[in-house]
Structures are given as structure tokens and as C-alpha cells.
Amino acid sequence: MRERDLYERELSKALWRSSTYSEGGASCLEVADLGGGAVAVRDSKDPGHGDLRFAGPEWAAFREGVRDGRFG
-3 MRERDLYERE
7 LSKALWRSST
17 YSEGGASCLE
27 VADLGGGAVA
37 VRDSKDPGHG
47 DLRFAGPEWA
57 AFREGVRDGR
67 FG
């Protein structure tokens, strides 16, 4: 999926979810599935501020990096 296609997706009815580790989602990322492995990500403290969108392979690489401790 091309980046332009990701940002053309309408998110008004997106189902946003946050980690169960976020203690109620007050200070966490929220993620919405866009299909095909693509996701949108936003800040739970300010959901109206915008989002970032990632194609499936990009999101998988990010999750792998978090899991492996590459960002700490």
C-alpha cells in the first residue's frame, strides 16, 4: 500500500485500541487497524492532534524493534 493511500483512508469510524498495560489509556498510543496489516497510530492524550500511518511491513518492523529493545 502506498503512503498516499494510507492517508486517504477515512478514520471517523475507526476502532482505536490501546495497550492493556497503559492503565486506562491516559498516556499511551492508540492504534487503529486499516486493513492489510496497515495501522494508524495516535496519542491517547490528544487524539484530535493527528495520527501517523504505517503500512504492514513498517508496523511489523517497529513492533519488532520495540520487542527487541532497539529504542531504549
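Residue numbers for the sequence shown, in the working numbering: -3 to 68. Every residue gets a Cβ at the ideal spot worked out from N, C-alpha and C, and that includes glycine.
What do you get for residue i, buried or exposed, if any count of 16 or more other CB atoms within 10 angstroms of its CB means buried?
i	result
R49	buried
E26	buried
A34	buried
A56	exposed
L30	buried
L2	buried
Can you tell which of the options has the C-alpha that lies nearest to the C-alpha of residue i?
i	options	result
P43	Y17, A57, R59 and A28	A28
K41	R5, F58, S18 and E(-1)	S18
Note down, in chain order, each residue of its chain lying with its Cβ closer than 6 Å to the Cβ of residue i, except the 5 sequence neighbours on either side.
i	result
R38	E26 and D47
Taking 7 Å as the limit between beta carbons, can you name the residues of its chain near residue i, skipping five residues before and five after?
i	result
S69	For the chain, the structure presents residues -3 to 68; residue 69 sits outside this window and is missing.
G61	F67
Quick check: what's the CA-CA separation for residue i versus residue j?
i	j	result
W12	E6	13 Å
R59	H45	23 Å
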